[in-house]
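Numbering (the numbering used here), first residue to last: 615 to 1079.
By construction, the Cβ of each residue, glycine as well, lies at the ideal position given by its N, Cα and C atoms.
Note sheet for the following structure.
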Ligand SMILES: Cc1cc2nc3c(=O)[nH]c(=O)nc-3n(C[C@H](O)[C@H](O)[C@H](O)COP(=O)(O)OP(=O)(O)OC[C@H]3O[C@@H](n4cnc5c(N)ncnc54)[C@H](O)[C@@H]3O)c2cc1C
């Protein structure tokens, strides 16, 4: 089934109030630098806090990736004064597969992001899975809870679109602002703001760490990665290819290291612009994790592809770049002393499939809901009680599912299991449809078919650890 496209409109990547934007001036002292700050829509402000000058806000958000822009959008829409600090300047590259599942499409739709084909989005119908000597094409499930299609969009565009969308809702954004340290209240040890590399200070009643996998801000607040949670590593690049307009995302389960089948997959995602995003991702449950040469693995895998697909060095349009995928809540607690963690900063990538954008957007929405309620309270104690619910709300949303994901990751780390499951699963469409729903976290929220009810019940019964 094809979904109704939202109304078309030209893509608008200019910052709102571009004319009024400060170019090359810092908010505090007017020094020059690679800074661009655009003004908020004053009418939307409902500030009860220190938002009386350009360097303070109700909420300071560090990082303008999908998670940061989602929090900013929702908070600004609720009338709060929001300041996003982003170390790069848009448009900028982000290493990613660029694939958006129906879960991500739903989150984008909720934010009112225009998603028409004419806005430059490329749609796909589902997943093609290849492995164990077989292949199967599966359409995304027909559900009332999620749309029946996914999208692809290069992160160079995607992140800029979301940041501009948050700005249009009233959030301020300063690009070229690399946060290095928290500002702490000496008496309570709570975070009261942040300092940037060039010495500027920004203050907020609350601070959100949306600074991705490394989350320097979380580390500075004493929140380190957990070793007992799964981690993925993935590399990707782009090739000019006739497969650029494939209707399906393609996943290859046969990634070999000598005689060992590796826990992970290779992907080919058509970008719709003449190129394909091609990459490989592995989990840290493989015995050789850390020693594997990922670029070589990618090249070896591609060497077996038909020549006419064009995945050759001459057709490569970008360097091969890699990054980590922090999974299954690999940094906790998600709230401490005035700081909330969203997206990759809080390790929210789905361990079943390596998808992180939907969870960045969703955790951004949950954080914004909590912050909006907390800042409306009149006493510090009452505010704190609301803020303390954030980790609980995340656990309610994903905790049981991520626990299952950790078990899954352990299982597929055993080469024998991975081989058995791929060989026998690929020939059985019912098992593969079950697996698609499980790994994509795509079940009806309420009711649904027997598979939906089973998966929801198991997720709910599994303890969130
Ligand atoms: C190779 C690869 C392929 C992937 N493929 C997919 C895919 O196809 N689909 C999918 O859903 N997910 C995919 N992921 C995961 C996805 O990229 C992440 O989960 C997602 O980007 C998380 O969003 P985020 O906003 O939390 O963090 P990020 O996207 O990392 O954004 C963090 C932002 O913070 C900024 N920042 C960092 N430090 C600072 C600082 N000190 N001060 C100010 N700003 C700072 C960064 O510049 C960046 O803009 C992939 C990941 C990798 C590595």
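For residue 800, is the classification buried or exposed, using 16 other Cβ atoms within 10 angstroms of its Cβ as the cut-off for buried?
exposed
Residue 905 Cβ short of 8 Å to ligand 1 heavy atom set
no
With DSSP as the reference, identify every bridge partner of residue 936, one or two as the case may be.
849
Length of the line joining the Cα atoms of residue 880 and residue 705
27 Å
Counting beta carbon pairs with one atom in the stretch 996-1006 and one in the stretch 1041-1058, are three or more of them shorter than 8 Å?
no
Could you work out which residue in 900, 925 and 893 is closest to residue 857 when comparing CA atoms only?
925
Is DSSP giving residue 915 helix, strand or coil here?
helix
What I want to know is whether the C-beta of residue 827 ends up closer than 8 Å to one or more non-hydrogen atoms of ligand 1.
yes
Quick check on the burial criterion: 16 or more other C-beta atoms within 10 angstroms. Buried or exposed for residue 712?
buried
Are three or more beta carbon pairs between the stretch 688-705 and the stretch 670-678 nearer than 8 Å?
yes
Could you tell me which of 855, 894, 1052 and 1028 sits nearest to residue 869, measuring between CA atoms?
894
Complete runs of the beta strand (DSSP E) confined to the stretch 874-919 [at least 3 residues]:
878-884 and 889-897
How far does the beta strand (DSSP E) with residue 1022 in it extend, from its first residue to its last?
Residue 1022 -> not in any beta strand (DSSP E); alpha helix (DSSP H) instead, spanning 1014-1026.
Please state the DSSP three-state secondary structure of residue 791.
coil
Could you name the residues that DSSP lists as bridge partners for residue 786?
697
Given residue 1043, which residues of its chain have a CB within under 8 Å of its CB, disregarding the five upstream and five downstream residues?
750 and 752
Opposite residue 670 in the DSSP bridges: which residues?
817
Residue environment, residue 1034, which counts as buried when at least 16 other CB atoms sit within 10 Å:
exposed
Can you tell me which residues form a DSSP beta bridge with residue 812?
Answer by DSSP bridge pairing: none, since residue 812 is not bridged.
Please determine, among 720, 831, 683 and 760, the residue with the shortest C-alpha to C-alpha distance to residue 785.
683
7 Å CB neighbourhood of residue 745 in its chain, flanking five on each side removed:
866, 867, 868, 1036 and 1040
Does the beta carbon of residue 973 fall short of 8 Å from some heavy atom of ligand 2?
Inclusion of ligand 2 in the displayed structure is not the case, the ligand content consisting of ligand 1 alone.
On the CB-based measure, 16 or more other CB atoms within 10 Å of its CB, does residue 1074 come out buried or exposed?
exposed
Which residue from 876, 817, 700 and 886 puts its Cα closest to that of residue 733?
886
For ligand 1, I want to know if residue 936 counts as a neighbour, meaning its beta carbon is within less than 8 Å of at least one of the ligand's heavy atoms.
yes
Do residue 957 and residue 978 have their CB atoms nearer than 9 Å?
yes
In DSSP terms, what residue 737 is bridged to
765
Would you call the stretch 963-983 in contact with the stretch 718-731, where contact means no fewer than 3 C-beta pairs closer than 8 Å?
yes
To the nearest angstrom, how far is the alpha carbon of residue 777 from that of residue 1063?
37 Å
Do three or more CB pairs link the stretch 839-856 to the stretch 895-911 at distances below 8 Å?
yes
What do you get for residue 726, buried or exposed, if any count of 16 or more other CB atoms within 10 angstroms of its CB means buried?
exposed
Contact test: residue 818 Cβ vs ligand 1 heavy atom, cutoff 8 Å:
no
Contacting residues, own chain, Cβ-Cβ under 6 Å from residue 980 (five flanking each side not counted)
1007
With a Cβ-Cβ cutoff of 9 Å, do residue 1076 and residue 1027 count as a contact?
no
Are there three or more Cβ pairs, one per stretch, closer than 8 Å when the stretch 824-836 is compared with the stretch 788-798?
yes
Same chain, Cβ closer than 7 Å to residue 685, five either side skipped, listed in chain order:
675, 822, 824, 956, 978, 981 and 982
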